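Under my numbering, the first residue of the sequence shown carries the number 871, and numbering increases by one thereafter.
Just so it is clear, CB atoms sit at the ideal spot from N, CA and C, and this is done for glycine as well.
Keep in mind that this is a model prediction, so the values were computed, not measured.
Structure first, commentary second.
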Amino acid sequence: QEIEKLRLAATSTLLSGRKDVIVVASVSCIYGIGNPDDFHETIVEIEVGKQIERDIYLRNLVDILYSRNEVEFERGNFRVKGDTVDVYLAYHDFIIRTIFWGDEIESIESIDPMTGVTIEQLDAYRIFPANLFVTTKERIFRAVDEIQIDLGKQVEFFKSIGKPLEAKRLYERVTFDVEMIKEIGYCSGIENYSRYFDGREPGTRPFCLLDFFPKDYLTVIDESHVTLPQIRAMYGGDRSRKLNLVEYGFRLPAAIDNRPLKFEEFEAITPEIIFLSATPADYELEKSEGVVVDQLIRPTGLLDPPIDVRPTLNQIDDLMEEIQLRVEKDERVLVTTLTKRMAEELTDYLTDHGVSCNYIHSDVETLDRVKIMDDLRHGIFDVLIGVNLLREGLDLPEVSLVAILDADKEGFLRSHRSLTQTVGRAARNVNGRAIFYADRITNSMQKTMDETERRREKQIAYNTKHNITPTQISKVTRDSSLGKYAKTAEADAYIEPDFYANVAEPDMQESYGDSKEDLKKLIERTRRQMSKSAKELEFMQAAQLRDQLIILEDKLSKKK
């Protein structure tokens, strides 16, 4: 829900006409979403003094996929009390309250959903749809007809080739979806019918997030040497999966057109691009036509780490000595191996010899990887051993040594770009250094050492000219947004005594008086918090809130 809220907030802001918008997206930005023209056309605009019947306003909200809910009021819902209509926006953390006087809008205000307190009085407001796949009624009617025609053709096709089970499965599934679309304008998996709603021909590209931007937008691709290959691969992987769904009667063939963009399509709609990479690939260098900007100077004056080449004979003993030197200075070490098994076995060996270490590779769950990185920074262990994950994007200023085992084994994991990226993990530390354990110097090793030396020369010259002394980066570790939503049962199994005894925060408690109305507001707020806790499976918290609710209701009954 939180991710969907952020997606809607991004698209709504882009269509609002603002020019100061920065959207940070993953490769998923090339996947199909709704038509931006339909999204824009269905915006509901309200204004104080505007003549509109309340019921027409409610129908407009339903058309943009808001649903009426008087009991469990959540994002994407609206509720009605007489001439007052509350809309809990799907893309913001506040409610828009519209008060009617007959067929005229008397006032519009934004409301805090938890306290019911008015945030701001508004003269006008634009309510964006609650779902990216919204469309107009005319398109819905036309799409339903086209879906039913294609359904009949596909069912007949399955029967003609002796697949009655697939025919029955497809008929039941699509018929159910069509009935849902007719009733509420939406169904689960509606994106698989996007071709019909968009009015596209078979094989044409879907709309994506990039279509929501104005024409003069700029695309910045970070770590382009790995991002661009991902974009190239998305279409093939998605098509392979969709073909299976169509073949076995789970989806109509039109589902194949709900897909990510092909690389050529991506290029066509991103005319202005900046590629960011410490190791740009041939594609970026070719596209830039020689216009390459070196960003080598760091504000802290830190240099790229020097590289040592040492023989593989007794490499583990040598590594343990280097680790000990770093541990004494309260610094961290990264070690890369060639295989996952080697990483695990080296971890066991170093642990047996008194080294505090851990490993990380593709078999480790994503959220566990975040915790492992945090533990390394906090000094829970001193050495992290990996294969191919200790590369781009890792900001670990505590790491002063990167050791690369079998650096002379030429290949994907020991290519020029891989070596350069791995060495760069030690560039955040004033004592940063890299060690290649190898018995010969490969072309990739030589290119990495030459490039590192070139950068160091420029950095040293700049520091000397401007009298800059390299200083260590000191960064406070912050809670990851991923970790925020990754609460485990073990973490929630025990709640400190009386931690939730006071339901409202101190400032909230002070804002409530002792009158009946104040008690009613506090009771309503407590009830919402209790329901929320129960939904998140935080039953101990919900139970304490329930007990508090009983006390408040008893207090209210005595005032009558």
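Check	Outcome
Close-in-space but distant-in-sequence residues of the same chain around VAL891 (CB under 7 Å, 5 per side omitted)	THR883, LEU884
Backbone CA spacing between ILE975 and VAL932 [nearest angstrom]	19 Å
Rounded C-alpha distance that separates PHE1028 from GLU1117	9 Å
Every unbroken alpha helix (DSSP H) within the region 940–981, with a cutoff of 4 residues, ordered by chain	none
Cα-Cα separation between GLY919 and THR881, rounded to whole angstroms	28 Å
CA-to-CA distance, ASP1152 to GLU1280, given in whole angstroms	19 Å
Beta-carbon gap between GLY1055 and ILE981 smaller than 8 Å	no
Run of the beta strand (DSSP E) containing TYR995, from where it starts to where it stops	994–997
Cut-off 7 Å between Cβ atoms - residues of its own chain near TYR901, not counting five sequence neighbours on either side	CYS1078, PRO1130
Alpha helix (DSSP H) runs wholly inside the region 1022–1055, at least 4 long, in chain order	1034–1054
Three-state secondary structure assigned by DSSP to GLU1406	coil
Reference ASP1424, options SER1401, ASP1164, LEU1407, ILE1393, closest by Cα	ILE1393
Counted within 10 angstroms of its Cβ, other Cβ atoms place GLY952 as buried (16 or more) or exposed	exposed
Residues that GLY1256 bridges to, as DSSP identifies them	THR1206, ILE1230
Residue span of the alpha helix (DSSP H) that contains SER1064, given as start and end	1064–1068
Counted within 10 angstroms of its Cβ, other Cβ atoms place PHE948 as buried (16 or more) or exposed	buried
Cβ-Cβ distance between ARG1121 and ASN1184 below 8 Å	no
Within 8 Å, strictly: CB atoms of THR1318 and VAL1293	yes
Environment of ASP1276 [buried if 16+ CB atoms lie within 10 Å]	buried
Contact belief for ILE903 with LEU1002 at Cβ below 8 Å, rounded distance in angstroms	5 Å
DSSP state of LEU1173 mapped onto helix, strand, coil	coil
TYR936 - DSSP class collapsed to helix/strand/coil	coil
Terminal residues of the beta strand (DSSP E) in which GLU917 lies	914–917
Coil, strand or helix - GLN991 by DSSP	strand
Nearest-angstrom Cα separation, counted from ILE969 out to VAL897	43 Å
As assigned by DSSP and simplified to three states, the class of LEU1275	coil
Exposure label - ALA1331; buried when at least 16 CB within 10 Å	exposed
Per-residue burial, VAL1257 [other beta carbons within 10 Å of its own, 16 or more giving buried]	buried
Cβ contact check for the region 1092–1107 and the region 1140–1157: 3 or more pairs under 8 Å	yes
Alpha helix (DSSP H) segments (min. 4 residues) lying fully within the region 1296–1343	1313–1335
Coil, strand or helix - ARG1180 by DSSP	strand
Residue nearest to PHE1046 in terms of C-alpha spacing, selected from VAL1014, PRO1141, ARG1075, GLU1026	VAL1014
Counted within 10 angstroms of its Cβ, other Cβ atoms place GLY887 as buried (16 or more) or exposed	exposed
Cβ shell of ALA1374 (< 6 Å), same chain only, five flanking positions each side left out	With a pLDDT of 41 at ALA1374, under the threshold of 50, the modelled position of that residue is not reliable, and the figure given next carries that caveat. So no residue of the chain qualifies.
C-alpha distance - THR1149 paired with ILE1177, whole-angstrom precision	17 Å
Proximity below 8 Å, CB of LEU1254 to CB of ILE1230	yes
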